[in-house]
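Worksheet for the structure shown next.
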Amino acid sequence: AIGRTRHDEL
Amino acid sequence: MNVFRLTGDLSHLAAIIILLLKIWKSRSCAGISGKSQILFAVVFTTRYLDLLTSFISLYNTSMKLIYIGCAYATVYLIYMKFRATYDGNHDSFRVEFLVVPVGGLAVLINHNFSLMEILWTFSIYLESVAILPQLFMISKTGEAETITTHYLFCLGLYRALYLLNWIWRYYFEGFLDMIAILAGLVQTILYCDFFYLYVTKVLKGKKLSLPA
Chain A
79 AIGRTRHDEL
Chain B
8 MNVFRLTGDL SHLAAIIILL LKIWKSRSCA GISGKSQILF AVVFTTRYLD
58 LLTSFISLYN TSMKLIYIGC AYATVYLIYM KFRATYDGNH DSFRVEFLVV
108 PVGGLAVLIN HNFSLMEILW TFSIYLESVA ILPQLFMISK TGEAETITTH
158 YLFCLGLYRA LYLLNWIWRY YFEGFLDMIA ILAGLVQTIL YCDFFYLYVT
208 KVLKGKKLSL PA
């Protein structure tokens, strides 16, 4: 999972 | 979610609340850079547009809403309610020197050339340098109130803990986001000089003042 795969961090 | 992420978020929350309470209780925003606070409001607004598109968890949504709400409340207190106490003469950092290059960089280096993704990247880059007007203000006046230094310490600690979180996620989840990591590294490095002063002066009960 390289790159931005989530929106979970603030 | 790991322990570094959680303590990082809580440290960030503590910083935001400390600043709001400091201004509210003292009825004054002396020594606080309104420009940095506007930049943080822009950072949260452009980053949390995903509130409209994806739901992660109740924790995620409520923290985002709290961060955005507190950021605007802080800007309101500085520029409206306690405007008379705002030290505009010392808050003279030229923010266009940050916003314009950061905007250009976000368009050039991102994970995906779409509006939402560019705005997210812009917010990550902007956050890494958003504290500069505040640090510039302190270097100009040569001092900071102790409560302001607690605010800065929590704010700097938050990104340092996120660095540990990213190391953790790389080892245990194989997750790697170079944009966030490099910007977070820059952000943390900007606080190093301040961390040194905080440990050597403020924690020993002295006021933070810089040599003339």
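These protein sequences, in sequence, are chains A and B.
Sequential numbering from 79 applies to the first sequence in our numbering.
Sequential numbering from 8 applies to the second sequence in our numbering.
Ideal Cβ positions, reconstructed from N, Cα and C, are used throughout, including at glycine.
On a predicted model such as this, the values are computed, not experimentally measured, just so you know.
Of the choices the options, whose alpha-carbon is the least far from that of residue i?
{"i": "B:Leu26", "options": "B:Thr14, B:Ile39, B:Leu112 and B:Gly15", "result": "B:Ile39"}
{"i": "B:Asn96", "options": "B:Val50, B:Tyr66, B:Ser61 and B:Thr148", "result": "B:Thr148"}
{"i": "B:Leu58", "options": "B:Trp127, B:Ile196, B:Trp31 and B:Tyr86", "result": "B:Trp127"}
{"i": "B:Thr156", "options": "B:Leu217, B:Asp16 and B:Gly15", "result": "B:Leu217"}
{"i": "B:Asp5", "options": "B:Glu134, B:Gln44, B:Leu65 and B:Pro108", "result": "The first residue shown for chain B is 8 and the last is 219, placing residue 5 of chain B beyond what the model contains."}
{"i": "B:Asp200", "options": "B:Ile116, B:Phe51, B:Phe143 and B:Tyr74", "result": "B:Phe143"}
{"i": "B:Glu134", "options": "B:Phe182, B:Thr52, B:Val82 and B:Lys32", "result": "B:Thr52"}
{"i": "B:Trp31", "options": "B:Ala190, B:Thr60, B:Thr14 and B:Thr81", "result": "B:Thr81"}
Report yes if the C-beta distance between residue i and residue j is below 7 Å; otherwise report no.
{"i": "B:Phe100", "j": "B:Lys42", "result": "yes"}
{"i": "B:Ala91", "j": "B:Ala48", "result": "no"}
{"i": "B:Met70", "j": "A:Leu88", "result": "yes"}
{"i": "B:Ser130", "j": "B:Arg54", "result": "yes"}
{"i": "B:Lys208", "j": "B:Leu215", "result": "yes"}
{"i": "B:Ile188", "j": "B:Trp173", "result": "yes"}
{"i": "B:Ala151", "j": "B:Tyr132", "result": "no"}
{"i": "B:Cys161", "j": "B:Ala37", "result": "no"}
{"i": "B:Arg176", "j": "B:Thr195", "result": "no"}
{"i": "B:Leu168", "j": "B:Phe11", "result": "yes"}
{"i": "B:Ala137", "j": "B:Leu46", "result": "yes"}
{"i": "A:Asp86", "j": "B:Ile73", "result": "no"}
{"i": "B:Phe89", "j": "B:Ser18", "result": "no"}
Going along chain A in order, which residues have a C-beta closer than 9 Å to the C-beta of residue i?
{"i": "B:Ser57", "result": "Just to set this straight, residue 57 of chain B is Asp in the shown sequence, not Ser. Correct list: His85."}
Would you give the residue range spanned by the alpha helix (DSSP H) that residue i belongs to?
{"i": "B:Tyr205", "result": "Met185 to Thr207"}
{"i": "B:Phe134", "result": "According to the sequence displayed, residue 134 of chain B carries Glu and not Phe. From DSSP, the alpha helix (DSSP H) with B:Glu134 extends over Leu122 to Val136."}
{"i": "B:Gly111", "result": "Glu103 to Leu115"}
{"i": "B:Pro140", "result": "Leu139 to Thr148"}
{"i": "B:Glu180", "result": "Thr153 to Glu180"}
{"i": "B:Tyr66", "result": "Leu65 to Tyr83"}
{"i": "B:Leu17", "result": "Val10 to Ser33"}
{"i": "B:Ala48", "result": "Gly41 to Arg54"}
Using the beta-carbon of each residue, which ones in chain A are nearer than 7 Å to residue i?
{"i": "B:Asp16", "result": "Leu88"}
message: So if I threshold CB-CB distances at 7 Å, which residues from the segment 61-73 of chain B count as touching chain A?
response: Ser61, Ile63, Asn67, Met70 and Lys71
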